[in-house]
Each structure stands twice: as structure tokens, then as C-alpha cells.
Amino acid sequence: MNVIYKSCCGIDVHKMKLVACLKKGNKQEIKEFGAETKDIKEMADWLISKKCEMIAMESTASYWKLLVNIFETKGLDFIIINAKEYKNVPGRKTDVADSEWIADLLRHGLLKASYIPTRDQRELREATRYRKSITEERARALNRLQKMLEGANIKITSILANVTGKTCMNLIEYVLDNDDDITEERARVLVTTRINARLDEIVTAMEGIVTPFQKIMMKEVIKRINELTDRIEDMNKIIEKYMEEYKNNLEKLQTIPGIGETSAQIILAEIGQDMSIFPSEGHISSWAGVSPVNNESAGKRRSGKTRKGNKILKSTLAQCAKAASKNKDTFFYAQYQRITVRRGKNRATLAVAHSMLISIYYILRDNVEFIDLGANFYNQFNTEKRLIHI
907 MNVIYKSCCG
917 IDVHKMKLVA
927 CLKKGNKQEI
937 KEFGAETKDI
947 KEMADWLISK
957 KCEMIAMEST
967 ASYWKLLVNI
977 FETKGLDFII
987 INAKEYKNVP
997 GRKTDVADSE
1007 WIADLLRHGL
1017 LKASYIPTRD
1027 QRELREATRY
1037 RKSITEERAR
1047 ALNRLQKMLE
1057 GANIKITSIL
1067 ANVTGKTCMN
1077 LIEYVLDNDD
1087 DITEERARVL
1097 VTTRINARLD
1107 EIVTAMEGIV
1117 TPFQKIMMKE
1127 VIKRINELTD
1137 RIEDMNKIIE
1147 KYMEEYKNNL
1157 EKLQTIPGIG
1167 ETSAQIILAE
1177 IGQDMSIFPS
1187 EGHISSWAGV
1197 SPVNNESAGK
1207 RRSGKTRKGN
1217 KILKSTLAQC
1227 AKAASKNKDT
1237 FFYAQYQRIT
1247 VRRGKNRATL
1257 AVAHSMLISI
1267 YYILRDNVEF
1277 IDLGANFYNQ
1287 FNTEKRLIHI
């Protein structure tokens, strides 16, 4: 096989140690380093002294980030590889053997590099992902509060959809702070927003059996919800500040049905603004995990379910697809209705998510505006054939 790199290095990455195999011509040199910053700097200086042309390392958890941070500052060329794509021969699994195998594959150009965003984008990712985890934690706390209310025979959540709304919280806090039941006169004072329910319905729904222990637990959960709400607002301010350069593209993505500001921020933090790193819409769709894989043998196509891909981006696109499929005046609604009949709701949702990502790719690559194909897009085809059947 042709040799692509005359001097290259393969690194087997672990939490506490790093095993590096440097191949230069017919010779190789193996060294072990610690995983501290000073050890990684020592490794980088060693590779520079050996005139290493390219470095390959496995994407083990988040341990690769330590090396990337140092290699970027040192000006070393490197690639991150997916561990499942370079598995060694069974029975030869050692740290040294892994580093040798990585270096040998890299030397002959047989490794495929993973997408590594810039440092600024990696930091922005951390912010959006942290906000997402806080939002999910808050949702769990809200579900816990609703279960506690049901356990106390309070059915206010059946009347008022928004548990954290001002009126609903006023009613709940009154019950937790007082021993008497809510009357219609008291409910008239506590209802501070416009609602569809009558006062007598609210009084009936708020009549429950709340023990002192339940009151303590509900107060703790409400306190937790308020804390998480404040943290989410703080993260929103931080993300908005650091996404000033994304402003134009944020506005463009929000013109796509189903995509709001928060979703647009997550999408841009995950894929960035430079689409030149993805050769085509097929590459970014495969990377995100929203396109079917190829699985054909002996002329027969087998199950081509999607790969794992980028979990954050995939779940965000799926949420946007569900929202877009409810807008009856859009192409995404027509696509969802067309597929859900034959393939089911989950596949239809993922197909819409795939179409949305393709639209995002071309909007960012060509710097164009989003144009909706319309809900009647599929009706333009085979019109003569349908008229004959009529």
C-alpha cells in the first residue's frame, strides 16, 4: 500500500495515561505519557522534535479534548477517529497494540477523520448542552409536582395546562401556606391571569387532602423549579451574548417552520456556520444520524435504520419536525402526512427532520433564504393519472 505520511503518530487515549506510537519510515518508537497538562505538553514537544506530520487519536469519552487543546496551541496536525471504525484483530487488544494499529492505518491513509469543531464552537456547545440538561431537569421537577398534586387529590392540572403559570402557582401556594379551603371569593383574588375555567370549577379542583409532609415536599419541589428557571434565564443571557456573530443565520433558521430561537441556537452550536467541512447534504445527514444507512447484500436491501449520530442535534431536529408537522400550510406537514400513513409516526418525524437538516445545510452553505415548497407540493405530480381514476 502507498505510504501517505512518512512520519505519523497513533495515540491510544485513556483517562490516566496515553500510549503514543510514532512511525517514521521502517522504524517505530512507543512512549507512555500521563494525562496531565504537563505530560501532554511533553508529548507535543516530542512529536515536534520528531517532525510528526499527522497525529491520530481515538475519541474516547471527553479525554481527547485535553490533547486537542494542547495540539491546537502547538500547531500540530491531528485527526479524531471513531473507535468502532478501526477495531483491531480479536485477541490482539493491548494499549500498545492499539497505538501501533492506529499509527499503521494512519500511515497508509486508511482512517476517516471525525468532525471536530473550533474551540469557540466547542465552548458554545457546552453552554447550549448545559441549558438543555437544566431544562430537562426542570421538566422532571414539574412532572414530580404534578404527581404530588394528584396524590393530594388536587386536580388543578386538569383545568389549567400551565402548572408554572402565575394563577396556578398562586392557588398552589395558598393551599400550602393555609389550612382552610379556597372559596370563590378567595379564588377571584388569586386568579390574576385570563383563564377559561370558571371560579366554581377552580374551587372544586383545589379541594384536596394535603398532609403536612406533602406540603413540605411540594414547597421543596417548587423551590427547585424556581431555582432551575432562574438558571435557565441566566444561561439564555450567556448564550445570546456569545452568539452575536451567529445573528444573521439565527434569523434565517427561525424562518423554517418548527424552528424557534432556542432550537436554532442548538443547531448552530452543533453544526457551526461553515458548511464546507461537509462535502454534501448526505454527509451532514449521516453525521447527524437522520438518514438511513446502506445495508445491501446479494442484491437485497435490508433494514437501513439510522445510525446514532449526534444525539443532541438529532433530538432537537425531531422536536422541530413534530412542531412543523402541525402547520398545515407547509411542505413538512404534507411530507409528514404522506409518510405517516405507510411508515408510522416515528419514521415520518425522522423523515421531516432529515428534510429540515437539508434545508439548513443549503441555507448556511449558499447564504440564501428559506423557501417553503407548500402543502400542495406532492399534488403537482401525476395529475393526469389521478384525473383518470376520478
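Using our numbering, you'd call the opening residue of the sequence shown number 907 and step up by one each time. Note that CB positions come from ideal geometry on N, CA and C, so glycine has one too.
Should residue i and residue j be called a contact, given that it needs their Cβ atoms to be closer than 8 Å?
| i | j | result |
| --- | --- | --- |
| Lys-929 | Arg-1013 | yes |
| Leu-1263 | Tyr-1148 | no |
| Thr-1099 | Thr-1073 | yes |
| Arg-1253 | Val-1127 | no |
| Met-960 | Asp-983 | yes |
| Ile-976 | Ile-1022 | no |
| Ser-1020 | Asn-988 | yes |
| Ala-1281 | Lys-1251 | no |
| Asp-1106 | Glu-1090 | yes |
| Lys-1125 | Leu-1156 | no |
| Lys-980 | Ala-1003 | no |
| Ala-1058 | Arg-1130 | no |
| Ala-1103 | Leu-1066 | yes |
| Trp-970 | Ile-985 | no |
| Gly-916 | Gln-1027 | no |
| Met-1181 | Arg-1271 | yes |
| Ile-1145 | Gln-1120 | no |
| Tyr-992 | Leu-1017 | yes |
| Arg-1025 | Glu-978 | yes |
| Ala-941 | Leu-972 | yes |
| Val-1247 | Ala-1230 | no |
Which same chain residues end up closer than 7 Å to residue i when comparing Cβ atoms and leaving out the 5 residues on each side of it in sequence?
| i | result |
| --- | --- |
| Leu-1256 | Val-1196, Thr-1212, Ala-1224 |
| Ile-1173 | Leu-1159, Leu-1219, Thr-1222, Ile-1266 |
| Ser-1261 | Phe-1238, Gln-1241 |
| Lys-1061 | Ala-1111 |
| Met-1141 | Ala-1033, Tyr-1036, Arg-1037, Ile-1040 |
| Leu-1055 | Ile-1062, Thr-1063 |
| Leu-1279 | Phe-1237 |
| Leu-1134 | Ile-1040, Glu-1043, Arg-1044, Ala-1047 |
| Ile-1101 | Leu-1066, Thr-1073 |
| Glu-1113 | Asp-1087 |
| Phe-1276 | Lys-1158, Thr-1161, Ile-1162, Ser-1265, Ile-1269 |
Leaving aside the five residues before and after residue i along the sequence, list all residues of the same chain whose C-beta is less than 8 Å from its C-beta, in chain order.
| i | result |
| --- | --- |
| Tyr-1268 | Glu-1187, Val-1274 |
| Leu-1096 | Thr-1073, Asn-1076, Leu-1077, Tyr-1080, Ile-1088 |
| Pro-912 | Correcting the residue identity first, residue 912 is Lys in this sequence and not Pro. These residues qualify, in order along the chain: Lys-930, Gly-931, Glu-959. |
| Gln-1052 | Thr-1063, Val-1069 |
| Leu-974 | Per the sequence presented here, residue 974 reads as Val, with Leu not at that position. Closer than 8 Å at Cβ, skipping near neighbours: Phe-984, Ile-986, Ile-1022. |
Look up residue i in the DSSP assignment and say whether it is helix, strand or coil.
| i | result |
| --- | --- |
| Ser-913 | strand |
| Lys-1143 | helix |
| Glu-964 | strand |
| Asp-918 | strand |
| Ile-987 | strand |
| Lys-1232 | coil |
| Gln-1286 | helix |
| Val-1247 | helix |
| Gln-1179 | coil |
| Ala-1281 | coil |
| Lys-1220 | helix |
| Asp-1136 | helix |
| Lys-947 | helix |
| Val-1199 | coil |
| Gly-1188 | helix |
| Phe-939 | strand |
| Leu-982 | coil |
| Val-1274 | coil |
| Gln-1171 | helix |
| Thr-1212 | strand |
| Gln-934 | strand |
| Cys-1226 | helix |
| Lys-957 | coil |
| Lys-929 | strand |
| Asn-923 | One point to set straight first is that residue 923 is Lys, not Asn, in the sequence displayed. It is a strand residue. |
| Asn-1252 | helix |
Measure from the C-beta of residue i to each C-beta in chain E and report whether the shortest distance is under 8 Å.
| i | result |
| --- | --- |
| Leu-1017 | Protein chain content of the structure displayed is limited to a single chain, and chain E is not contained in it. |
With a threshold of 6 Å on Cβ separation, who are the neighbours of residue i within its own chain once the five nearest residues in sequence on each side are excluded?
| i | result |
| --- | --- |
| Asp-1001 | Asp-918, Val-925 |
| Glu-1006 | Cys-927 |
| Phe-1184 | Ile-1190 |
| Met-907 | His-1014 |
Please give the ranges of any beta strand (DSSP E) in the segment 996-1083, keeping only runs that are unbroken, at least 3 residues long and fully inside the region. For the segment 996-1083, not a single whole beta strand (DSSP E) run of length 3 or above is found.
Per the contact definition of three or more C-beta pairs closer than 8 Å, is the segment 1221-1239 in contact with the segment 1154-1167? Flag = yes, the segment 1154-1167 and the segment 1221-1239 touch.
Pair every Cβ in the segment 948-959 with every Cβ in the segment 1000-1019, then say whether three or more of these pairs are closer than 8 Å. No, because fewer than three Cβ pairs between the segment 948-959 and the segment 1000-1019 fall closer than 8 Å, the two stretches do not touch.
Unbroken alpha helix (DSSP H) runs of length 4 or more, entirely within the segment 1095-1134: which are they? Qualifying alpha helix (DSSP H) stretches, in chain order: 1105-1111.
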